[in-house]
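Colleague:
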Amino acid sequence: MEHQTITNIRVGSLLAGNNPRTYFDPVEMAELEASILAAKEVIQPILIRPVEGGYAIVAGERRARASRKVFGDDYEIPVIAKAISAEEADDMALIENTQRANMSPTEEAAAAAKILGRCEGNRDEAAKRLGWSRSTLDKRLALMNCSPSVMTALNERKIQLGHAELLAAAPKGRQEKAIVNLLAQTTLPSVAEFKAGLEEISRSMALAIFDKADCTSCHHNSGNQQALFAEAVSGGHCTNSECFNKKTEDVLEAKKKSLEENYPRVVIVRQGENNTVIKLIAEGATGVGDEQAAACRSCKSFGAAISAIPGKVGNVYESQCFDTSCHTKKVGERLLAEKKAAAKPATAPTASKSASSTPVAEKGAEKSTTTSKAIVTSVQDTQRVVDYRIGVWRKALKKELFADPHKNLCMLIGIMMTRGGTNVSSIKLASGFETMTSQKPPVSNVGEAAVMVAEVDDKVRSQMLSGIVISITDSIEKSHLPEMLKFMQVDLVKHWKLNAEFLDLLTKSEIEVIAEELGLKAALGEKYAKAKSGKKDEFIKALMEIEGFVYEGKIPKVLKHAVD
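Numbering-wise, our numbering comes out as the position in the sequence shown, counting from 1, plus 11.
1. Could I get the ranges of all uninterrupted alpha helix (DSSP H) runs contained in the region 281 to 329, with 4 residues as the minimum, in chain order?
2. Just verifying my parser: in three-state terms, what is the DSSP assignment at C421?
3. Just mark I438 as buried or exposed, buried being the case when its beta carbon has 16 or more other beta carbons within 10 Å.
4. Does the distance from the C-beta atom of H572 to that of L476 stay below 8 angstroms?
5. Have a look at P56 and P89 and give me their C-alpha separation to the nearest angstrom.
6. Would you report the Cα separation of L347 and E284, rounded to the nearest angstrom?
7. Answer yes or no: do I279 and K267 have a C-beta to C-beta separation smaller than 8 angstroms?
8. Does the beta carbon of G65 sit closer than 8 angstroms to a beta carbon anywhere in chain B?
9. In chain order, what residues of the same chain lie with their CB nearer than 8 angstroms to the CB of K565, ignoring the 5 residues before and after it?
10. In the DSSP assignment, what residue or residues form a beta bridge with A67?
11. Classify I438 as helix, strand or coil using the three-state DSSP reduction.
12. In the DSSP assignment, the beta strand (DSSP E) including T198 goes from what residue to what residue?
13. Taking 7 angstroms as the limit between beta carbons, can you name the residues of its chain near P61, skipping five residues before and five after?
14. Alpha helix (DSSP H) containing A353: first to last residue?
15. Does DSSP put H248 in a helix, a strand or coil?
16. Roughly how many angstroms separate the alpha carbons of V161 and I320, rounded to a whole number?
17. Just verifying my parser: in three-state terms, what is the DSSP assignment at R21?
18. Who are the Cβ neighbours of E523 in its own chain at under 7 angstroms, not counting the five residues just before and after it?
19. Does the beta-carbon of E52 have 16 or more other beta-carbons within 10 angstroms, so that it is buried, or is it exposed?
20. What are the boundary residues of the beta strand (DSSP E) that P89 is part of?
21. Can the beta-carbon of Q391 be found less than 8 angstroms from the beta-carbon of K489?
22. What's the C-alpha gap between L194 and A180?
23. What is the C-beta distance between S520 and Y274, in whole angstroms, given that I count them as a contact (C-beta under 8 angstroms)?
24. Is P416 near S330, with beta carbons less than 8 angstroms apart?
25. Quick one: which unbroken beta strand (DSSP E) runs of 3-plus residues sit fully inside the region 109 to 190? Chain order, please.
Here's what the structure looks like:
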């Protein structure tokens with residue numbers, strides 16, 4: 012079958028795709044079936060993609076279902092086959108369904124939540140990909156908090172979108188009770204009527220995560236208005252949504268700030284964002300393997316999630332991954348590596364190699380530390396780390412340049428031939444000359460300055476020459492520093508050792524990566540877990556006071572220059 016060529020395939024052989032539509036309206040399906048019967052064929056081809064075991068439907072499942080109903084499994088339906096990924100198929104299926112017969116908003120929401128996950132939580136990018144406005148996306152994602160019964164009622168058009176949007180703001184347990192009462196009404200109340208009644212009981216003071224001291228005497232607290240609200244609000248609810256929401260947001264932001272020193276990323280997860288985050292684990296169906304899990308802790312997408320979802324507001328979930336596409340890939344790599352390891356035939360070690368060979372694992376040989384390639388673990392290049400590293404490089408370069416006049420001169424000529432002399436600091440050079448000779452150079456007279464230089468001895472002139480390239484080093488573009496470090500053969504071990512100042516630049520999860528990389532974790536032994544559980548400054552102190560540990564010579568990968 013040629014790429015995108017229209018052909019025919021037995022409809023009964025097609026596999027179901029990942030269709031975002033879960034409810035097929037009987038009336039609309041009957042109309043489609045009648046249309047196909049009248050035309051005696053399906054006129055517009057459906058889109059399929061090759062998968063293991065055959066072909067799966069990407070777009071056009073309604074036409075496939077209708078044609079099977081009318082003509083049976085043997086009907087040859089026109090198709091276009093296209094080799095696309097599962098993610099691309101999801102995107103196409105959503106767009107195809109939203110542009111054709113009315114799709115339930117909850118179905119749109121479920122598919123949009125997946126796309127938002129692939130956009131790493133960027134709602135503007137997700138809206139653009141879907142061709143929606145940002146407000147439409149936000150409203151659809153909010154529906155992801157609807158309880159199963161509410162979703163079913165909306166899918167089957169038993170309630171309106173406005174009813175579902177209002178219910179989505181409540182915990183799912185309350186939604187289940189409310190939907191039963193709503194559907195039991197002889198006449199479905201309008202959205203406005205439903206909103207008026209729901210607002211009185213939607214914000215339970217018992218579920219508030221903020222300090223309620225000021226709420227005890229507030230007239231918006233229904234618990235103080237028994238006569239007015241009677242039994243419906245006897246438990247105490249806030250009728251001032253703006254105040255309730257602001258206080259809640261303040262608490263969420265405070266929790267986020269408190270966690271930011273522990274993790275590279277901290278996110279307040281809201282309704283519809285369930286596919287933007289996944290728990291990082293080593294084992295199990297969604298495990299990435301022990302080595303990869305350790306590596307992930309230094310990733311910019313690793314962190315903690317704070318729930319803003321009704322019923323779970325304020326809950327903190329640590330050790331989370333916010334790049335679900337990458338996570339899926341890493342899980343796949345681990346499973347593939349394990350599959351290959353399991354399929355590899357076991358061979359008995361020969362006598363000549365038995366002493367030096369790695370012992371063959373018996374039980375647990377399939378453990379997820381098996382990987383198809385080396386895993387690199389290092390701290391992310393955040394701006395604070397980059398600035399610190401560049402400072403260390405510049406300082407080391409200046410010392411090496413000053414100590415080697417020959418290489419200093421070679422570097423100076425190399426800089427002049429490629430970068431020019433625009434980075435030379437006349438102020439620093441003049442200051443250096445004055446320090447060495449106690450003579451103040453003229454501000455602008457080049458001739459007088461040359462005379463003064465000519466009158467001093469060769470040692471001063473040699474030091475001044477060295478000072479030129481050292482001056483340039485302070486301001487030369489950072490992209491050229493690795494080249495200079497390589498030429499000077501700078502060994503950072505001579506110029507830097509592990510210190511608390513550097514560790515303080517990192518989050519706690521990044522410090523864990525450094526501790527393992529440099530052997531601090533092993534050196535601390537059983538005390539490590541307790542040290543890690545404390546505050547960041549206490550953790551750093553414990554790592555920097557390990558008795559007998561040699562801190563010199565331990566250079567983390569993130570500080571090494573690119574030519575190492």
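Here a beta-carbon is modelled for each residue, glycine too, at the ideal position from N, C-alpha and C.
Modeller: The answer reads as follows:
1. 301 to 307, all fully within the region 281 to 329.
2. Position 410 of the sequence shown, counted from the start, is the residue given in the question as residue 421. Helix.
3. As a working note, residue 438 is residue 427 in the sequence shown. The residue is exposed, with fewer than 16 neighbouring Cβ atoms inside 10 Å.
4. Along the sequence shown, one-based indexing puts residue 572 at 561. Along the sequence shown, one-based indexing puts residue 476 at 465. Not in contact: H572 and L476 (Cβ atoms no closer than 8 angstroms).
5. Here residue 56 refers to the residue found at position 45 when the sequence shown is read from its first residue. Here residue 89 refers to the residue found at position 78 when the sequence shown is read from its first residue. About 5 angstroms.
6. Looking up residue 347 in the sequence shown gives position 336. Looking up residue 284 in the sequence shown gives position 273. One C-alpha to the other measures close to 29 angstroms.
7. Counting from 1 along the sequence shown, the entry for residue 279 is found at position 268. Counting from 1 along the sequence shown, the entry for residue 267 is found at position 256. Yes.
8. Absent from the structure is chain B; it holds one protein chain and no more.
9. Taking the sequence shown and counting its residues from 1, the one referred to as residue 565 is at position 554. A distance below 8 angstroms between beta-carbons, with the five flanking residues on each side excluded, links K565 to the following residues of its chain, in chain order: K508, L509, L529 and G530.
10. Stepping through the sequence shown from its first residue, residue 67 is reached at position 56. For A67, which the question treats as bridged, DSSP gives the partners L26 and R60.
11. Sequence index remark: in the sequence shown, residue 438 carries index 427 (1-based). Here I438 sits in helix by DSSP.
12. As a position in the sequence shown, residue 198 is number 187, starting the count at 1. Annotation for T198: no beta strand (DSSP E) segment contains it, and DSSP assigns it neither H nor E.
13. As a position in the sequence shown, residue 61 is number 50, starting the count at 1. Hits under 7 angstroms: A92 and A94.
14. The sequence position of residue 353 within the sequence shown is 342, counting from 1. Note, A353: alpha helix (DSSP H), T335 to A354.
15. Counting from 1 along the sequence shown, the entry for residue 248 is found at position 237. Looking at H248 - three-state DSSP - the assignment turns out to be strand.
16. Within the sequence shown, numbered from 1, the residue matching residue 161 stands at position 150. Within the sequence shown, numbered from 1, the residue matching residue 320 stands at position 309. Distance between the alpha carbons of V161 and I320 is about 16 angstroms.
17. Reading the sequence shown from its first residue, position 10 is the one you call residue 21. Strand.
18. Here the question's residue 523 lines up with position 512 in the sequence shown. These residues qualify, in order along the chain: R308 and K543.
19. In the sequence shown, residue 52 corresponds to position 41, counting from 1. Counting Cβ neighbours within 10 Å, E52 comes out exposed, since fewer than 16 surround it.
20. Stepping through the sequence shown from its first residue, residue 89 is reached at position 78. Where P89 is concerned, the enclosing beta strand (DSSP E) stretches over E87 to A92.
21. Residue numbering aside, residue 391 sits at position 380 when the sequence shown is read from its first letter. Residue numbering aside, residue 489 sits at position 478 when the sequence shown is read from its first letter. No, the pair does not count as a contact, with Cβ atoms beyond the cut-off.
22. What you label residue 194 is simply residue 183 of the sequence shown in a count that begins at 1. What you label residue 180 is simply residue 169 of the sequence shown in a count that begins at 1. Taking the straight line from one Cα to the other gives about 18 angstroms.
23. Residue 520 sits at position 509 when you count from the first residue of the sequence shown. Residue 274 sits at position 263 when you count from the first residue of the sequence shown. Right, the Cβ-Cβ distance comes to about 5 angstroms (below 8 angstroms), so this counts as a contact.
24. By one-based count along the sequence shown, residue 416 stands at place 405. By one-based count along the sequence shown, residue 330 stands at place 319. No; because the gap between Cβ atoms is not below 8 angstroms, this pair is not in contact.
25. none
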